[in-house]
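Student:
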Amino acid sequence: MQSTSFKEEKGGKQRDSVSEYWLPFEDGKTIGTLGSEGGSIVMDLEHVKGARVTLERECGSIPFAITIGIYGLLFHTHFEGDSEHAERYVELKKAQINTVIEHYELPLESRNTDWSDAFNLLMDELSDMVGVRKDEQKFSEVGSINRGDSEIVKMLVAAFGVVLGNVLLDHFFAPFGMMLMPIALTISASIAAFSTTNLNVISKSFLVYGLVALQDIGIKLYGGGSHDSEGQAWIHMMLFISFVPTFVILVLSTVKAKEESNSTKISAILIFLFLLYMHFMLFKDLGLGRYYWYHWNG
(Lines of atoms letter the chains of each structure in order from A and count residues from 1; the text may use other names and numbers.)
(Lines give C-alpha, C1' and ligand atoms only; values in the text may rest on other atoms or scores of the structure.)
Protein backbone atom coordinates (compact mmCIF):
# COMPACT_ATOMS: atom_id res chain seq x y z
CA MET A 1 0.00 0.00 0.00
CA GLN A 2 1.39 3.43 -0.94
CA SER A 3 0.98 6.62 1.09
CA THR A 4 1.31 10.05 -0.47
CA SER A 5 1.72 13.42 1.19
CA PHE A 6 0.22 16.74 0.24
CA LYS A 7 1.23 20.25 1.26
CA GLU A 8 -0.96 23.22 0.40
CA GLU A 9 -0.83 26.86 1.33
CA LYS A 10 -4.28 28.19 2.05
CA GLY A 11 -5.00 31.51 3.70
CA GLY A 12 -1.33 32.01 4.49
CA LYS A 13 -1.11 28.70 6.33
CA GLN A 14 0.48 25.47 5.26
CA ARG A 15 -1.63 22.36 5.72
CA ASP A 16 -0.03 18.91 5.68
CA SER A 17 -2.05 15.80 5.18
CA VAL A 18 -1.49 12.19 4.30
CA SER A 19 -4.10 10.06 2.63
CA GLU A 20 -4.55 6.84 0.73
CA TYR A 21 -7.28 6.03 -1.74
CA TRP A 22 -7.89 2.52 -2.97
CA LEU A 23 -9.41 1.96 -6.39
CA PRO A 24 -11.47 -1.23 -5.98
CA PHE A 25 -13.43 -3.08 -8.63
CA GLU A 26 -16.71 -4.80 -7.86
CA ASP A 27 -14.88 -8.02 -7.04
CA GLY A 28 -12.99 -6.24 -4.26
CA LYS A 29 -9.63 -6.30 -6.00
CA THR A 30 -7.60 -3.10 -6.09
CA ILE A 31 -5.62 -1.76 -9.01
CA GLY A 32 -3.56 0.91 -7.26
CA THR A 33 -3.74 4.02 -5.09
CA LEU A 34 -4.91 7.52 -5.75
CA GLY A 35 -3.31 10.16 -3.56
CA SER A 36 -1.88 13.64 -3.72
CA GLU A 37 1.77 14.51 -3.84
CA GLY A 38 3.85 17.67 -4.11
CA GLY A 39 0.99 19.92 -5.16
CA SER A 40 -0.16 17.44 -7.80
CA ILE A 41 -2.80 14.78 -7.97
CA VAL A 42 -1.05 11.54 -8.89
CA MET A 43 -2.59 8.25 -9.98
CA ASP A 44 -0.25 5.30 -9.60
CA LEU A 45 -1.41 2.12 -11.34
CA GLU A 46 0.74 -0.65 -9.91
CA HIS A 47 0.14 -3.16 -12.67
CA VAL A 48 0.35 -0.77 -15.61
CA LYS A 49 4.15 -0.66 -15.53
CA GLY A 50 4.36 2.39 -13.33
CA ALA A 51 2.36 4.60 -15.66
CA ARG A 52 1.35 7.91 -14.10
CA VAL A 53 -1.17 10.60 -14.88
CA THR A 54 -0.29 13.89 -13.22
CA LEU A 55 -2.86 16.65 -12.81
CA GLU A 56 -0.72 19.67 -12.06
CA ARG A 57 -1.80 22.54 -9.86
CA GLU A 58 -0.67 25.98 -10.96
CA CYS A 59 -1.50 29.55 -9.97
CA GLY A 60 -4.44 28.67 -7.79
CA SER A 61 -6.30 27.06 -10.67
CA ILE A 62 -6.07 23.40 -11.56
CA PRO A 63 -5.50 22.83 -15.28
CA PHE A 64 -4.42 19.29 -16.14
CA ALA A 65 -1.44 17.97 -18.06
CA ILE A 66 -1.26 14.43 -19.32
CA THR A 67 1.89 12.39 -19.50
CA ILE A 68 1.80 11.35 -23.15
CA GLY A 69 3.00 7.82 -22.51
CA ILE A 70 -0.07 7.02 -20.42
CA TYR A 71 -2.29 6.91 -23.50
CA GLY A 72 -0.67 3.95 -25.18
CA LEU A 73 0.52 2.35 -21.95
CA LEU A 74 -2.79 2.49 -20.10
CA PHE A 75 -5.21 1.61 -22.85
CA HIS A 76 -3.02 -0.86 -24.72
CA THR A 77 -1.33 -2.65 -21.83
CA HIS A 78 -4.13 -2.60 -19.29
CA PHE A 79 -7.42 -2.52 -21.14
CA GLU A 80 -6.36 -3.92 -24.51
CA GLY A 81 -9.48 -2.59 -26.17
CA ASP A 82 -11.83 -3.85 -23.43
CA SER A 83 -14.33 -0.98 -23.46
CA GLU A 84 -16.47 -2.42 -20.64
CA HIS A 85 -13.45 -2.63 -18.36
CA ALA A 86 -12.41 0.88 -19.36
CA GLU A 87 -15.85 2.35 -18.65
CA ARG A 88 -15.80 0.93 -15.11
CA TYR A 89 -12.35 2.41 -14.64
CA VAL A 90 -13.50 5.83 -15.83
CA GLU A 91 -16.47 5.85 -13.45
CA LEU A 92 -14.23 4.88 -10.53
CA LYS A 93 -11.80 7.65 -11.40
CA LYS A 94 -14.59 10.22 -11.47
CA ALA A 95 -15.81 9.14 -8.05
CA GLN A 96 -12.34 8.98 -6.52
CA ILE A 97 -11.25 12.36 -7.83
CA ASN A 98 -14.33 14.01 -6.38
CA THR A 99 -13.42 12.45 -3.02
CA VAL A 100 -9.93 13.93 -3.27
CA ILE A 101 -11.36 17.36 -4.10
CA GLU A 102 -13.63 17.28 -1.08
CA HIS A 103 -10.95 15.88 1.24
CA TYR A 104 -8.38 18.57 0.44
CA GLU A 105 -10.94 21.34 -0.05
CA LEU A 106 -9.44 22.11 -3.41
CA PRO A 107 -10.66 25.29 -5.12
CA LEU A 108 -12.92 24.62 -8.08
CA GLU A 109 -12.81 28.06 -9.69
CA SER A 110 -10.68 28.39 -12.80
CA ARG A 111 -10.31 30.71 -15.75
CA ASN A 112 -11.81 28.15 -18.13
CA THR A 113 -13.60 25.43 -16.24
CA ASP A 114 -13.63 23.95 -12.78
CA TRP A 115 -11.27 21.13 -12.00
CA SER A 116 -13.89 18.40 -11.64
CA ASP A 117 -15.33 19.30 -15.03
CA ALA A 118 -11.85 19.33 -16.50
CA PHE A 119 -11.16 15.91 -15.07
CA ASN A 120 -14.50 14.61 -16.31
CA LEU A 121 -13.72 15.93 -19.76
CA LEU A 122 -10.37 14.18 -19.60
CA MET A 123 -11.96 10.91 -18.56
CA ASP A 124 -14.64 11.21 -21.23
CA GLU A 125 -11.95 11.83 -23.79
CA LEU A 126 -10.05 8.73 -22.68
CA SER A 127 -13.25 6.69 -22.60
CA ASP A 128 -14.14 7.81 -26.13
CA MET A 129 -10.60 7.04 -27.18
CA VAL A 130 -11.04 3.44 -26.06
CA GLY A 131 -14.16 3.11 -28.19
CA VAL A 132 -12.49 4.74 -31.17
CA ARG A 133 -9.45 2.52 -30.86
CA LYS A 134 -11.67 -0.52 -30.55
CA ASP A 135 -13.52 0.50 -33.73
CA GLU A 136 -10.19 1.21 -35.42
CA GLN A 137 -8.95 -2.21 -34.35
CA LYS A 138 -12.03 -3.89 -35.80
CA PHE A 139 -11.69 -1.83 -38.98
CA SER A 140 -8.02 -2.72 -39.18
CA GLU A 141 -8.78 -6.41 -38.70
CA VAL A 142 -11.54 -6.33 -41.31
CA GLY A 143 -9.31 -4.37 -43.66
CA SER A 144 -6.52 -6.85 -43.14
CA ILE A 145 -8.88 -9.73 -43.88
CA ASN A 146 -10.22 -7.98 -46.96
CA ARG A 147 -6.71 -7.23 -48.18
CA GLY A 148 -5.75 -10.85 -47.55
CA ASP A 149 -8.77 -12.11 -49.46
CA SER A 150 -8.04 -9.69 -52.28
CA GLU A 151 -4.46 -10.93 -52.54
CA ILE A 152 -5.63 -14.54 -52.63
CA VAL A 153 -8.08 -13.75 -55.42
CA LYS A 154 -5.34 -12.03 -57.41
CA MET A 155 -2.98 -14.96 -56.98
CA LEU A 156 -5.68 -17.46 -57.95
CA VAL A 157 -6.53 -15.46 -61.05
CA ALA A 158 -2.84 -15.39 -61.98
CA ALA A 159 -2.37 -19.14 -61.37
CA PHE A 160 -5.44 -20.22 -63.31
CA GLY A 161 -4.68 -17.59 -65.95
CA VAL A 162 -1.35 -19.27 -66.69
CA VAL A 163 -3.07 -22.64 -67.12
CA LEU A 164 -5.91 -21.31 -69.27
CA GLY A 165 -3.45 -19.32 -71.35
CA ASN A 166 -1.49 -22.48 -72.05
CA VAL A 167 -4.69 -24.31 -73.05
CA LEU A 168 -5.48 -21.53 -75.53
CA LEU A 169 -1.91 -21.66 -76.83
CA ASP A 170 -2.26 -25.39 -77.47
CA HIS A 171 -5.66 -24.92 -79.08
CA PHE A 172 -4.45 -22.41 -81.66
CA PHE A 173 -0.78 -23.34 -81.90
CA ALA A 174 -0.55 -27.06 -81.13
CA PRO A 175 1.55 -28.76 -79.91
CA PHE A 176 3.32 -25.85 -78.14
CA GLY A 177 0.85 -25.77 -75.24
CA MET A 178 1.25 -29.49 -74.61
CA MET A 179 5.05 -29.24 -74.69
CA LEU A 180 4.97 -26.27 -72.31
CA MET A 181 2.68 -28.05 -69.83
CA PRO A 182 5.49 -28.71 -67.26
CA ILE A 183 6.53 -25.04 -67.31
CA ALA A 184 2.97 -23.74 -67.08
CA LEU A 185 2.11 -26.04 -64.16
CA THR A 186 5.36 -25.25 -62.34
CA ILE A 187 4.62 -21.52 -62.54
CA SER A 188 0.95 -21.82 -61.60
CA ALA A 189 1.62 -24.30 -58.76
CA SER A 190 4.32 -22.00 -57.35
CA ILE A 191 1.89 -19.08 -57.34
CA ALA A 192 -0.84 -21.15 -55.70
CA ALA A 193 1.41 -22.77 -53.10
CA PHE A 194 3.65 -19.90 -52.03
CA SER A 195 1.60 -16.74 -52.65
CA THR A 196 -1.63 -17.75 -50.89
CA THR A 197 -0.29 -17.66 -47.34
CA ASN A 198 -3.75 -17.37 -45.77
CA LEU A 199 -4.84 -20.76 -47.11
CA ASN A 200 -4.28 -23.93 -45.11
CA VAL A 201 -2.35 -26.86 -46.56
CA ILE A 202 -5.47 -28.91 -47.28
CA SER A 203 -6.91 -26.08 -49.37
CA LYS A 204 -3.61 -25.71 -51.21
CA SER A 205 -3.63 -29.43 -51.95
CA PHE A 206 -7.03 -29.17 -53.63
CA LEU A 207 -5.97 -25.96 -55.35
CA VAL A 208 -2.81 -27.40 -56.89
CA TYR A 209 -4.71 -30.48 -58.00
CA GLY A 210 -7.31 -28.20 -59.60
CA LEU A 211 -4.59 -26.55 -61.65
CA VAL A 212 -3.22 -29.90 -62.83
CA ALA A 213 -6.71 -31.17 -63.64
CA LEU A 214 -7.65 -28.02 -65.54
CA GLN A 215 -4.46 -28.18 -67.59
CA ASP A 216 -4.91 -31.86 -68.45
CA ILE A 217 -8.64 -31.68 -69.18
CA GLY A 218 -8.29 -28.42 -71.11
CA ILE A 219 -5.64 -29.76 -73.46
CA LYS A 220 -7.39 -33.13 -73.91
CA LEU A 221 -10.66 -31.43 -74.84
CA TYR A 222 -9.49 -28.32 -76.68
CA GLY A 223 -5.91 -28.96 -77.80
CA GLY A 224 -5.28 -28.40 -81.49
CA GLY A 225 -4.73 -31.21 -83.97
CA SER A 226 -6.01 -34.77 -84.07
CA HIS A 227 -6.71 -36.39 -80.68
CA ASP A 228 -5.58 -39.95 -81.33
CA SER A 229 -3.89 -42.51 -79.09
CA GLU A 230 -0.43 -41.20 -79.98
CA GLY A 231 -1.36 -37.66 -79.04
CA GLN A 232 -2.95 -38.96 -75.83
CA ALA A 233 0.30 -40.72 -74.95
CA TRP A 234 2.21 -37.46 -75.43
CA ILE A 235 -0.20 -35.65 -73.14
CA HIS A 236 0.19 -38.31 -70.45
CA MET A 237 3.96 -38.15 -70.71
CA MET A 238 3.98 -34.36 -70.32
CA LEU A 239 1.50 -34.70 -67.45
CA PHE A 240 3.79 -37.07 -65.55
CA ILE A 241 6.79 -34.83 -66.23
CA SER A 242 4.73 -31.94 -64.83
CA PHE A 243 3.88 -34.00 -61.76
CA VAL A 244 7.48 -33.98 -60.47
CA PRO A 245 8.00 -30.21 -59.96
CA THR A 246 4.36 -29.71 -59.00
CA PHE A 247 4.56 -32.34 -56.26
CA VAL A 248 7.88 -30.95 -54.98
CA ILE A 249 6.37 -27.45 -54.81
CA LEU A 250 3.36 -28.69 -52.86
CA VAL A 251 5.54 -30.64 -50.42
CA LEU A 252 7.82 -27.65 -49.80
CA SER A 253 4.86 -25.36 -49.23
CA THR A 254 3.28 -27.88 -46.87
CA VAL A 255 6.47 -28.42 -44.86
CA LYS A 256 6.94 -24.64 -44.47
CA ALA A 257 3.47 -24.26 -42.90
CA LYS A 258 4.66 -24.16 -39.28
CA GLU A 259 1.18 -23.52 -37.89
CA GLU A 260 -0.12 -26.83 -39.27
CA SER A 261 0.23 -30.15 -37.44
CA ASN A 262 2.25 -32.98 -38.94
CA SER A 263 -0.88 -35.08 -39.37
CA THR A 264 -2.52 -32.28 -41.36
CA LYS A 265 0.55 -31.92 -43.56
CA ILE A 266 0.65 -35.64 -44.27
CA SER A 267 -3.08 -35.62 -45.00
CA ALA A 268 -2.65 -32.76 -47.48
CA ILE A 269 0.04 -34.64 -49.41
CA LEU A 270 -1.93 -37.91 -49.43
CA ILE A 271 -5.07 -36.10 -50.60
CA PHE A 272 -3.13 -34.61 -53.51
CA LEU A 273 -1.76 -38.02 -54.55
CA PHE A 274 -5.19 -39.64 -54.24
CA LEU A 275 -6.83 -36.92 -56.33
CA LEU A 276 -4.21 -37.31 -59.06
CA TYR A 277 -4.67 -41.08 -59.11
CA MET A 278 -8.46 -40.78 -59.38
CA HIS A 279 -8.08 -38.10 -62.03
CA PHE A 280 -5.91 -40.33 -64.21
CA MET A 281 -8.28 -43.27 -63.81
CA LEU A 282 -11.34 -41.19 -64.72
CA PHE A 283 -9.94 -39.00 -67.51
CA LYS A 284 -7.16 -41.05 -69.14
CA ASP A 285 -9.17 -41.44 -72.39
CA LEU A 286 -10.82 -38.04 -72.31
CA GLY A 287 -10.87 -36.25 -75.66
CA LEU A 288 -10.05 -39.19 -77.93
CA GLY A 289 -11.38 -38.60 -81.45
CA ARG A 290 -11.63 -34.81 -81.15
CA TYR A 291 -10.05 -32.72 -83.88
CA TYR A 292 -9.19 -29.02 -84.24
CA TRP A 293 -7.42 -27.75 -87.32
CA TYR A 294 -6.22 -24.27 -88.27
CA HIS A 295 -4.39 -23.49 -91.49
CA TRP A 296 -1.40 -22.02 -89.63
CA ASN A 297 -0.83 -25.42 -87.99
CA GLY A 298 -0.18 -27.07 -91.34
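Residues in the sequence shown are numbered from 251 upward in steps of one, following the working numbering.
Here a beta-carbon is modelled for each residue, glycine too, at the ideal position from N, C-alpha and C.
L418: which of G474, L489, A463, F444 sits nearest, CA to CA?
Tutor: Considering only alpha carbons, the answer is G474.
Student: What does a CB cutoff of less than 7 Å around S503 pick up in its chain, not counting 5 residues either side in sequence?
Tutor: Counting only Cβ-Cβ distances below 7 Å, and skipping sequence neighbours, we find A443, F444, K454.
Student: Can you give me the C-alpha to C-alpha distance between K506 and L414, rounded to a whole angstrom?
Tutor: Answer to the nearest angstrom: the Cα atoms are 28 Å apart.
Student: Identify the continuous alpha helix (DSSP H) that holds L425 and give its terminal residues.
Tutor: Strictly speaking, residue 425 in this sequence is Pro, with Leu absent from that position. No alpha helix (DSSP H) holds P425; DSSP gives it neither H nor E.
Student: State the start and end residues of the unbroken alpha helix (DSSP H) segment that holds G460.
Tutor: Taken as a continuous stretch (DSSP letters only), the alpha helix (DSSP H) holding G460 covers 451 to 472.
Student: When you compare the CB positions of H477 and Y541, do they come within less than 8 Å of one another, or not?
Tutor: Yes; because the gap between Cβ atoms is below 8 Å, this pair is in contact.
Student: Going by C-alpha distance, which of S400, D399, W543, L538 is nearest E480?
Tutor: That would be L538, whose Cα lies nearest to the Cα of E480.
Student: Closest to L532 by CA distance: which of P495, D466, D399, P425 is it?
Tutor: Nearest option by C-alpha distance: D466.
Student: Between which two residues does the alpha helix (DSSP H) harbouring Y527 extend?
Tutor: Its alpha helix (DSSP H) spans residues 512 to 533.
Student: Counting C-beta neighbours from all protein chains within 10 Å, is the total for F522 16 or more, i.e. buried, or is it exposed?
Tutor: With 16 or more Cβ atoms within 10 Å of its Cβ, F522 is classed as buried.
Student: With a 10 Å radius around its C-beta and 16 neighbouring C-beta atoms as the bar for buried, classify D420 as buried or exposed.
Tutor: With 16 or more other Cβ atoms within 10 Å, it is buried.
Student: So, with DSSP's three-state summary, where would you put G415?
Tutor: Reduced to three states, the DSSP call for G415 is helix.
Student: Give me the Cβ distance between K470 and L536, rounded to the nearest whole Å; I'm assuming they're in contact under 8 Å.
Tutor: Sure, about 5 Å apart at Cβ, within 8 Å.
Student: Give me whichever residues DSSP pairs with G537 in a beta bridge.
Tutor: BP columns for G537 are empty, so no partner.
Student: Could you pull the DSSP bridge partners for Y544 from this structure?
Tutor: DSSP lists no partner for Y544.
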